[in-house]
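Notes for the one structure printed next.
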Amino acid sequence: MCSTEPNLCATQLRAVFFVSDSTGITAETLGSALLANFPGVGFRRHTIPFVDTAEGAANVVREIAAADAEGLAPIVFTTTKDAVVSRVLAEAPATRIDLLGGHLTELEATLGTTASEQLGQYHTVGDTETYFARMRAIEYAIEHDDGQSSRALDLADVIVIAPSRCGKTPTTMYLALQYGLLVANYPLTDDDFPTDGLPPMVAPYTSRCFGLTTTPLRLSQVRHERRPDSRYASLAQCSLELRRAEDLYRRNRVPFLNSSTKSVEEISAVILQTLKLRN
């Protein structure tokens with residue numbers, strides 16, 4: 001999988017490889033967190049999962065070498081535990097950052113035991129109860145996306161409310177998948193105004209509601225991608241909807257956040273803290 005991050009201010013472009021003997025999620029998450037500290041550099045990203053043989057590692061080395069030949073000065077983030085695979089990857093013409101090596105050694109020393117050699121330990125089912133709780137949360141989020149269902153709404157841990165395209169669905173899915181929370185979301189539309197109270201479907205659960213807003217310009221840009229040159233995407237309509245939504249939040253004492261410059265992780269963290277849902 002490859003993607004390029006355009007950056008008009010970037011002075012250079014680097015190839016980045018996230019290489020793992022499992023799904024690649026750990027390598028990509030940790031590596032991306034480090035790369036986020038360098039906004040002035042453009043990165044061409046490649047995530048390569050399930051590299052668990054010397055042959056597979058050799059194929060990766062060839063890909064890295066090709067990027068190096070293009071002048072992209074590769075950086076490689078790895079989460080591979082097999083010593084043979086690691087030695088092969090070390091031959092690549094790149095800066096290699098082992099995201100597990102030193103940390104595992106330190107943990108082995110402090111715990112007085114050696115790490116398991118079984119691959120993909122960080123993404124096994126592990127705690128079965130937690131796993132199935134997250135799956136139920138995802139099913140709940142899908143059923144209750146965009147106000148589609150009021151069934152079992154009383155069970156919701158959070159109800160995210162906002163005008164269309166303010167980030168309700170990504171936030172809902174992240175909270176469900178990452179934390180196993182039952183999260184519904186409800187779109188504020190013209191039909192919900194004028195009113196002093198929250199829409200009837202969510203009004204009984206005001207204490208569990210959290211609102212999202214954004215800037216009119218950002219909302220207009222996002223909506224233009226979906227419905228170009230429509231009233232729905234016009235700056236005037238976006239300004240009106242956001243103003244009414246924020247007034248509604250304030251009247252009903254619903255906490256809210258401007259999502260325009262926030263990642264889904266940041267939005268979720270604020271929701272967890274505000275509604276006191278952290279363990």
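For the sequence shown, counting from 1, position 192 maps to 192 in our numbering; every step adds exactly one. The C-beta atom is built at its ideal place from N, Cα and C for all residues, glycine as well.
Under 9 Å between the Cβ atoms of residue i and residue j?
i	j	result
Glu63	Ile48	yes
Val85	Gly56	yes
Pro187	Ala162	yes
Cys238	Leu217	yes
Asp192	Thr169	no
Phe77	Val19	yes
Arg165	Arg96	no
Ala94	Ala73	yes
Leu35	Phe43	yes
Ser32	Gly167	no
Ala54	Val88	yes
With a threshold of 16 other CB atoms inside 10 Å of the CB of residue i, please say whether the residue is buried or exposed.
i	result
Lys276	exposed
Leu198	buried
Ala236	exposed
Pro255	exposed
Leu155	exposed
Ala137	buried
Asp21	buried
Glu139	exposed
Leu242	buried
Leu230	Note that residue 230 corresponds to Ser in the displayed sequence, not to Leu. Exposed, because fewer than 16 other Cβ atoms sit within 10 Å of the Cβ of Ser230.
Ala67	buried
Ala83	exposed
Ala92	buried
Gly71	exposed
Tyr179	buried
Asn185	buried
Gly112	exposed
Phe132	exposed
Thr124	Confidence at Thr124 is low in this model, with a pLDDT of 49, below 50, so the placement of that residue is unreliable and no value is reported for it.
How many whole angstroms separate the CB atoms of residue i and residue j, which I take to be in contact at a CB cut-off of 8 Å?
i	j	result
Val183	Leu175	5 Å
Thr105	Ala27	That belief does not hold up - the Cβ atoms of Thr105 and Ala27 are roughly 18 Å apart, past 8 Å.
Thr283	Glu246	What is shown of the chain runs 1 to 279, which leaves residue 283 out entirely.
Val284	Val51	Because the chain in this structure spans residues 1 to 279, residue 284 falls outside the shown range and cannot be described.
Tyr205	Leu272	Contact flag wrong, Cβ pair sits at about 17 Å.
Asp196	Arg251	6 Å
Gln141	Thr110	The sequence given here has Ala at residue 141, not Gln. About 38 Å; that fails the 8 Å criterion.
Val160	Leu181	Val160 to Leu181, Cβ: 11 Å. No contact.
Between which two residues does the beta strand (DSSP E) holding residue i run?
i	result
Leu188	183-188
Pro257	The question names Pro, but residue 257 in the sequence shown is Leu. Element bounds for Leu257: 256-258.
Leu240	Per DSSP, Leu240 belongs to no beta strand (DSSP E); it is in the alpha helix (DSSP H), 235-251.
Val16	13-20
Val160	158-163
Arg44	42-48
Grab the span of the alpha helix (DSSP H) containing residue i for me, first residue to last.
i	result
Pro170	168-179
Asp68	54-69
Phe132	128-143
Arg96	From DSSP, Arg96 is part of no alpha helix (DSSP H) but of the beta strand (DSSP E) over 95-98.
Thr213	No alpha helix (DSSP H) holds Thr213; the beta strand (DSSP E) holding it covers 209-213.
Val76	Run containing Val76: none in the alpha helix (DSSP H); it sits in the beta strand (DSSP E), 75-79.
Ser86	83-89
Leu198	First-last for Leu198: undefined, no H or E at that position.
Ile218	Going by the sequence as given, residue 218 is Arg instead of Ile. 216-226 is the span of the alpha helix (DSSP H), which, as asked, contains Arg218.
Thr26	25-35
Would you say residue i reaches chain D, if we count a Cβ-Cβ gap shorter than 9 Å as a contact?
i	result
Arg227	Reference to chain D is not applicable here, since this structure consists of a single protein chain.
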